[in-house]
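Please read the structure below before turning to the comments.
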Amino acid sequence: MAKSGSQNVLRDAFHSLRYILYFSVVFSFAYSALKLSGPLFMILIFDRVLPSRSSATLVALLILLIIILVAMTLLDYSRRRILGRFGARFQERIEDHIFSSAARDTYYGRTQTKPAPGLNEVDKLRGFFHSGSLVTILDFLWSPLFMVAVFIISPWIGWVVVAGMLVLGLITLVKLAFAKNRDERFSEAGDKIDEMKERLLVSRDVIESQQMMAAFNDQWVQARRRARDRAIELKDWNAWFTILSSHTARLIQYGALAAGAYLAINGQMTVGAMVASMYLSRNVFYPMERFLQQIPSIIEAVANWKGLDKILKAPRPAVVPADAVLEGTAPLRLLNVTVRSAGKRKLLSNLNLEVAPGSSVQIVGNSGSGKTVFAEALIGRCPRSTPGGSLLDKQAGCRRVGDILLGVVDIERVSIADAARTVGYVPQQIAFVAGTIEENIAGLTSAPDQDRIVQMMRLAQMHDRILALPEGYRTRIDTAGSIFSKSERHQLALARALYPNPILLVVDEPDQTLREGLSRGMKSEIGSFLGRGGILIIFSRLALKTFKASRRFTLEEGSLREVELELENEGKVIRIRRDDESADGPVRVRKESGGAVWGPKAPGSNIPVN
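Residue numbers (full-length UniProt numbering): 1 to 610.
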């Protein structure tokens, strides 16, 4: 159910900070009013000081003007600082709301460059507030003050200025009307370059090994030249209108001066008023010129505001703190869970499962049977599908229907702050965050538990190996963990998953070390994990030789079936499979009088004994 307060987040944040903005508006008014001192100074110089030849009056006026200019400097600096802090406070409040209320499935989208949707928009709005665009808008809003002064001095000059402003507006409209196609072509060319950069990043080895380097270089050169041409085309277009606007503004200024000179020749205006009117007209059309230059930024800011408002208003499930629903121990329940890919292909079908606290479950299935999808669904990476489908559905790798419950709460409703101590995951393809070993084991926490890290590394039999590295636990590793062997990477991944003492531990396709035998310390840690009510789910192609699960299932064509995997034969644990199938072959289930076994009943001489 959507949160009711989300409808007015932007308005409430803006409203709560309005007093900061009011100070900037007041300072802008005072700044604009003090700018009238310049024309007044000119009038007094030409009409009073020069005719009277009074040096004392000149010095007094100059000192007064200096004081006013110092005040204007402080006002201008203050309003810019205020607007910068307004933007920072606004960003902070919206980001806090996003991180505290965003649904789990909206984080780290495949097309996102930041952790959660809306952060890009907030960042751009903060940049807009801090960039000086708001100062330009405020100056433009107070420019009618100077227009009134011009009309008071001479209506003729006022109409000259109005005509010039209309010309400036027309130039800007023409620029915006014909710039859209050029902007789109420039963006498409830039996107192509970004696409090729990403291709090189993820497919570098393939390009080199398959001798595609020459062809890739040709594509790169063509894309780069196309992007260059589009950039030049757009820059030329914008430069032409920028220069045209600038010289038109100068023409207006000189036109106002010429009109004033004509009136002065005919005795309708003093020389001081003529010079002052020129200066006043400049304070009318220059703010307008700068405002017109900011129109693209204003349009972008409005689009970001609307996009952010849409994101914040989107319905999302309430996030539940783990402590509220996962006190003590909690069972894991799957109720009619069906998972589909982004292309709507069914990956898992109508799964129903209940696992009691302190239990371990092994799920066996062939490659492609859906084990990894199942594992990712359990850790919350396959969120609920929305009715009719949405953009998030298309971006997500998988979507589900049905409930995956820990205790009484769906896994996707556990907050991301609590998720680390709720779910631990050892994926099939081990990867790390580019950073230190300490950061990876501690899950990037700002205050890692050093003793816990060392404890987990000792249990994984990796402590001495890490101390042998030049920087120990502060040694930086790449995303592949290439300084470690495959087995060591799996040991690190298991230690990383167990570090926060999770409630649910999911292991997808354990490596040989985990299949054939863990260290005594790690076995004890897993035993302690189960003893305090934890739940262990292991997905594998083969049965584990040394690990005895509480329950075992097969996963075939997206469906689960519970089986008994162990039989007693002369006091030994045996594993029965079809004689004509390899160890990697499909698992079969057939009921016998003694229970369910793997494969058809085979002659005793062909039963492999572990």
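The beta carbon of each residue, even a glycine, is placed where N, CA and C say it ideally should be.
Judged by pairs of C-beta atoms under 8 Å, the segment 444–453 does not touch the segment 521–540, as fewer than three such pairs exist. DSSP places Gln362 inside the beta strand (DSSP E), whose first and last residues are Ser360 to Val364. Val433 sits away from Thr475, with the two beta carbons spaced by 9 Å or more. Counting C-beta pairs closer than 8 Å gives fewer than three between the segment 233–246 and the segment 7–25, which falls short of the contact rule. Inter-residue distance for Lys235 and Val9 is about 38 Å (C-alpha atoms, whole angstroms).
Counting of Cβ neighbours within 10 angstroms places Gln450 among the exposed residues, the total staying below 16. Taken atom to atom, the span from the alpha-carbon of Glu376 to that of Glu289 is near 55 Å. The count of Cβ pairs closer than 8 Å, one atom from the segment 67–83 and one from the segment 27–38, reaches three, so the stretches are in contact. Counting of Cβ neighbours within 10 angstroms places Tyr77 among the exposed residues, the total staying below 16. Apart from sequence neighbours up to five positions away, the residues of its chain that approach Ala301 with a beta-carbon distance below 8 Å are Lys124, Leu125, Phe128 and Ser133, ordered along the chain. Here Gln219 has Met196 as same chain residues with Cβ atoms under 8 Å from its own Cβ, once five neighbours each way along the sequence are excluded. Counting along the chain, no alpha helix (DSSP H) covers Val49, and no H or E run does either. Contact between the segment 401–411 and the segment 363–374 is absent: fewer than three C-beta pairs spanning the two stretches fall below 8 Å. A residue is called buried once 16 or more other Cβ atoms fall within 10 Å of its Cβ, and Gln491 is buried on that count. Note on geometry: alpha-carbon atoms of Ala431 and Arg224 lie some 33 Å from one another. With three or more CB-CB distances shorter than 8 Å, the segment 252–264 counts as touching the segment 273–281. If the five residues before and after Pro287 are omitted, its C-beta is found closer than 6 Å to the C-beta atoms of Asp139, Phe140 and Ser143, all from its own chain and listed in chain order.
Distance from Arg79 to Ser24 at the Cβ level is roughly 5 Å; contact confirmed, criterion being Cβ atoms closer than 8 Å. Scanning the segment 31–97 from its first residue to its last, the whole alpha helix (DSSP H) runs of 4-plus residues come out as 37–44.
Using a Cβ distance threshold of 9 Å, Ala227 and Gly190 count as a contacting pair. For Tyr425, no alpha helix (DSSP H) segment is defined; the enclosing uninterrupted segment is the beta strand (DSSP E) at Val423 to Val426. Out of Arg85, Val59, Ile45 and Arg250, the CA that lies nearest to the CA of His130 is found in Arg85. In the three-state scheme derived from DSSP, where H, G and I count as helix and E and B as strand, Arg345 is classed as coil. Proximity to Val339 across Thr329, Glu188, Leu308 and Lys371 peaks at Lys371, based on C-alpha coordinates. Our two residues, Val355 and Val409, have alpha carbons roughly 15 Å apart in a direct line. Three or more Cβ pairs drawn from the segment 412–432 and the segment 485–502 lie within less than 8 Å of each other, which places the two stretches in contact. Residue state for Asn266 is assigned as coil, using DSSP reduced to three classes. In the DSSP assignment, Phe484 falls outside any alpha helix (DSSP H) and carries neither an H nor an E.
A straight-line Cα-Cα distance of about 7 Å links Val454 and His463. Within the DSSP bridge table, the entry for Ile535 names Leu504 as partners.
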